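To start, the structure under review is shown below, and the notes come after it.
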Amino acid sequence: MSEQPEQPPVCPRHPDRVAYVRCQRCGRPVCPDCQRPAAVGVQCVDCVRDAASTQRTARTQFGGVVRPGIRPVVTLTIIAVCVVAFIAQRTVPDFTNRWYYSPFWGHEEPWRFLTAAFLHSEGSFFHILLNMVALWAVGPYLELQLGRARYVTLYLLSALGGSVVVLLSAALGWSSWYGGVVGASGAIFGLFGAAFVVMWRSGHPAQSILGIIAVNMVFSFVVPGISWQGHLGGLVVGALVAAGYAFAPRDRRRLVAVALPVVTLVLLVAVTTWAYGQAPAEVRELWTLPRDVLWTAFFGQG
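Structure follows, in structure tokens:
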């Protein structure tokens, strides 16, 4: 009885191909098309894929993903939205009137609490230019450190916090219920506060950003026409939210990333509800009027 000749090894992915080279990881035969260079010898495509799926993603101390060539997509998007909105302000009739924020109009149209953060002074290119330069100076750093989801949440909550403090100021009798507010400054002050927290938490010198905050807050109080309330509200909310992100235990980072914005939003809504409850009688009476009547009274058009 004669022995059958031993069959040559073949590639599992290409059974029609003889393969004498074996994967250094699993030991299976691997043809030239399925070979991938490894530290020693070659590996098959299946082992390379399995290794990639189990490899941990590199992250910053605060949860941001680290990878080559990552771009500050959120920051660039915010800048683009602000620029497009500025063009619309200068070309579309009543665009600013429909989207700016004031404590009075925030009661009737709550979306204004946020939309005003994407508008700027129509009559000055300097306002939007200064804000966009400041955003570009600090935004990409925070976007990388915190990750896109935490970063955009921080930005929006800071903008909202600025509007809420403007409302709180009116409720306390410190400012008008009707004064309009536009600009990304409140949100950017929130980023400044967050940058200070992140730099301090990571052990980097934070004196420079602290100096920028101090100088800009002084300008907010002494220069007429600047909403110090919006700046202060954004700064406080941004710093507090960033502190929650920065000091979250590593194993609870995802939980904090979800729970912290929700808790912050609930608190801001509670303050807003209380503040609107302090509105004077003449303001409350205006809120009972139809919207088209209010629009005509404020802007002269139906």
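Each residue of the sequence shown is one higher than the last, beginning at 176 in my numbering.
Heads up, the beta-carbon is just placed ideally off N, CA and C, and yes, glycines get one too.
All values reported here derive from a predicted model rather than from experimental measurement.
According to DSSP, is Met176 part of a helix, a strand, or is it coil? Looking up residue 176 in the sequence shown gives position 1. Its pLDDT being 45, under 50, Met176 is placed unreliably in this model, and the value from its coordinates should be taken loosely. Met176 falls in the coil class under three-state DSSP.
Should Phe367 go down as buried or exposed, given a rule of 16 or more other Cβ atoms within 10 Å for buried? Translated into positions along the sequence shown, residue 367 becomes position 192. So Phe367 ends up on the buried side.
Where does Pro278 fall in DSSP's three states? Stepping through the sequence shown from its first residue, residue 278 is reached at position 103. Residue state, collapsed to three classes: helix.
Give me the Cβ distance between Glu297 and Val249, rounded to the nearest whole Å; I'm assuming they're in contact under 8 Å. The sequence position of residue 297 within the sequence shown is 122, counting from 1. The sequence position of residue 249 within the sequence shown is 74, counting from 1. Wrong, their Cβ atoms sit about 26 Å apart, outside the cutoff.
Closest to Gly281 by CA distance: which of Tyr353, Gln320 and Trp403 is it? By 1-based counting over the sequence shown, the position of residue 281 is 106. If we check each option's Cα against that of Gly281, Tyr353 comes out closest.
Count the other C-beta atoms from every protein chain shown that fall within 10 angstroms of the C-beta of Tyr316, then say buried if there are 16 or more, exposed otherwise. To locate residue 316, count along the sequence shown from 1; it is residue 141. Classification of Tyr316: buried, given that the 10 Å Cβ count is 16 or more.
Cutting at 7 Å between CB atoms, please list the residues of its own chain near Ala345, excluding the five before and the five after it. On the sequence shown, residue 345 is found 170 positions in, with the first residue counted as 1. Excluding residues within five positions, the ones whose Cβ falls inside 7 Å are Pro278, Ser351 and Trp352.
Are at least three pairs of beta-carbons, each pair with one atom in the segment 411-427 and one in the segment 365-383, less than 8 Å apart? yes
If we ignore side chains and look at the alpha-carbon of each, how far apart do Asp381 and Trp375 end up? Along the sequence shown, read from residue 1 onward, the residue named residue 381 stands at position 206. Along the sequence shown, read from residue 1 onward, the residue named residue 375 stands at position 200. For the record, residue 381 in the displayed sequence is Ala; it is not Asp. Rounded to the nearest whole angstrom, the CA to CA distance from Ala381 to Trp375 is 6 Å.
Can you tell me whether Gln182 is buried or exposed? The criterion is at least 16 other CB atoms within 10 Å of its CB, across all chains shown. One-based indexing of the sequence shown puts residue 182 at position 7. Around the Cβ of Gln182, a 10 Å sphere holds fewer than 16 other Cβ atoms; the residue is exposed.
Looking only at its own chain, which residues have a Cβ that is under 7 Å from the Cβ of Ala194, when we skip the five neighbours before and after it? Taking the first residue of the sequence shown as position 1, residue 194 is located at position 19. Correct list, in chain order: Pro184, Val185, Cys186, Pro204, Val205 and Cys206.
Reducing DSSP to helix, strand and coil, say where Arg203 ends up. Position 28 of the sequence shown, counting from 1, holds the residue named residue 203. Coil at Arg203, not helix or strand.
When the distance is taken between beta carbons, is Phe473 closer than 8 Å to Asp269? For the purposes of this step, residue 269 is taken as the residue at position 94 of the sequence shown. For the purposes of this step, residue 473 is taken as the residue at position 298 of the sequence shown. Not in contact: Asp269 and Phe473 (Cβ atoms no closer than 8 Å).
Tell me which same chain residues have a C-beta within less than 6 Å of the C-beta of Ile401, skipping the five on either side of it? Locating residue 401 in the sequence shown gives position 226, where the first residue counts as 1. Ser395.
Should the segment 452-470 be regarded as contacting the segment 428-444, the criterion being three or more beta carbon pairs within less than 8 Å? no
Can you tell me whether Pro190 is buried or exposed, with buried defined as 16 or more other CB within 10 angstroms of its CB? For this step, residue 190 is matched to residue 15 along the sequence shown. Answer is exposed; the Cβ neighbour count stays below 16.
Look up Cys209 in the DSSP assignment and say whether it is helix, strand or coil. By 1-based counting over the sequence shown, the position of residue 209 is 34. Cys209 falls in the helix class under three-state DSSP.
Outcome for Phe300 when other beta-carbon atoms lying within 10 angstroms are tallied against a minimum of 16: Here the question's residue 300 lines up with position 125 in the sequence shown. The residue in question, Phe300, is exposed, as its Cβ has fewer than 16 Cβ neighbours within 10 Å.
Please classify Ser338: is it buried, with 16 or more other beta-carbons within 10 angstroms of its beta-carbon, or exposed? In the sequence shown, residue 338 corresponds to position 163, counting from 1. Counting Cβ neighbours within 10 Å, Ser338 comes out buried, since at least 16 surround it.
Close Cβ partners of Leu289 (< 7 Å) along its chain, the five nearest in sequence each way excluded: Within the sequence shown, the letter at position 114 stands for residue 289. Contacts found: Leu331, Ala334 and Leu335.
Roughly how many angstroms separate the alpha carbons of Ala324 and Phe364, rounded to a whole number? For this step, residue 324 is matched to residue 149 along the sequence shown. For this step, residue 364 is matched to residue 189 along the sequence shown. Rounded to whole angstroms, Ala324 to Phe364 spans 19 Å at the Cα level.
Excluding the 5 residues flanking Val458 on each side, which residues of the same chain have their C-beta closer than 8 Å to its C-beta? Taking the sequence shown and counting its residues from 1, the one referred to as residue 458 is at position 283. The residues are Phe279 and Trp352.
Taking only three categories from DSSP, how would you classify Gln218? Here residue 218 refers to the residue found at position 43 when the sequence shown is read from its first residue. Strand, per DSSP.
To the nearest angstrom, how far is it from the Cα of Gly361 to the Cα of Gly405? Against the sequence shown, residue 361 aligns to sequence position 186. Against the sequence shown, residue 405 aligns to sequence position 230. Each residue's CA atom was taken as its position, placing Gly361 and Gly405 some 5 Å apart.
So for Arg197, helix, strand or coil by DSSP? Numbered from its first residue, the sequence shown carries residue 197 at position 22. Looking at Arg197 - three-state DSSP - the assignment turns out to be strand.
So, at 6 Å on beta carbons, what are the nonlocal neighbours of Ala309 in its own chain, with the 5 sequence-adjacent residues on each side left out? Start at 1 with the first residue of the sequence shown, and residue 309 comes out as number 134. Apart from the 5 residues on each side of it in sequence, Ala309 sits with its Cβ closer than 6 Å to the Cβ of Ile363 in its chain, given in chain order.
Answer yes or no: do Cys209 and Arg188 have a C-beta to C-beta separation smaller than 8 Å? One-based indexing of the sequence shown puts residue 209 at position 34. One-based indexing of the sequence shown puts residue 188 at position 13. Yes, Cβ-Cβ distance for Cys209 and Arg188 is below 8 Å.
When the Cα of Ile388 is compared with those of Val398, Ala214, Val259 and Leu407, which residue comes out closest? Counting from 1 along the sequence shown, the entry for residue 388 is found at position 213. For the residues Val398, Ala214, Val259 and Leu407, the minimum Cα distance to Ile388 belongs to Leu407.
Ala450 - containing alpha helix (DSSP H), residue span: Position 275 of the sequence shown, counted from the first residue, corresponds to residue 450. From DSSP, the alpha helix (DSSP H) with Ala450 extends over Arg428 to Tyr451.
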